[in-house]
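Numbering (the working numbering), first residue to last: 0 to 107.
Just so you know, even glycine gets a beta-carbon here, dropped at the ideal spot from N, CA and C.
This one's a predicted model, so the numbers in the text were calculated from it and none came from an experiment.
In what follows, a structure is listed as structure tokens, so that the remarks can point back to it.
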């Protein structure tokens with residue numbers, strides 16, 4: 000069992016996808032656009048290695064696939080939260096601008 004596991008190789012970029020996915024979750028709350036970009040990168044980078052694993056699972060280690068999948072899921076969640084944060088910020092800015100214009104029109 001161990002000998003066959005040692006012959007298997009890790010998926011390329013599995014750790015990078017995991018790190019990008021986690022960073023997208025961290026940054027999506029404070030910096031919406033940064034979290035959005037990191038999440039998109041994590042999902043985009045995960046596509047090729049994920050396809051390679053699904054086509055030939057016997058060649059790659061399962062732990063690298065789990066890292067890849069976890070990073071991809073974190074990236075997707077980061078994208079969703081970042082989009083909500085960005086939409087909220089845009090609505091707040093538009094609301095404040097509308098209040099400012101409305102107040103200026105009422106006073107003027």
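Between the C-alpha atoms of residue 32 and residue 6, what's the straight-line distance to the nearest angstrom?
41 angstroms
Helix, strand or coil, according to DSSP, for residue 0 in the structure here?
Unreliable positioning characterises residue 0 in this predicted model, as indicated by a pLDDT of 47, which lies under 50. A coordinate reading is not provided.
Could you give the distance in angstroms between the alpha-carbon of residue 126 and the alpha-carbon of residue 60?
Any property of residue 126 remains undetermined from this structure, which presents the chain solely from 0 to 107.
Are the C-beta atoms of residue 6 and some chain D residue less than 8 angstroms apart?
The displayed structure is made up of one protein chain only, and chain D is not part of it.
Could you check which residue in 38, 91, 42 has the C-alpha nearest to that of residue 80?
38
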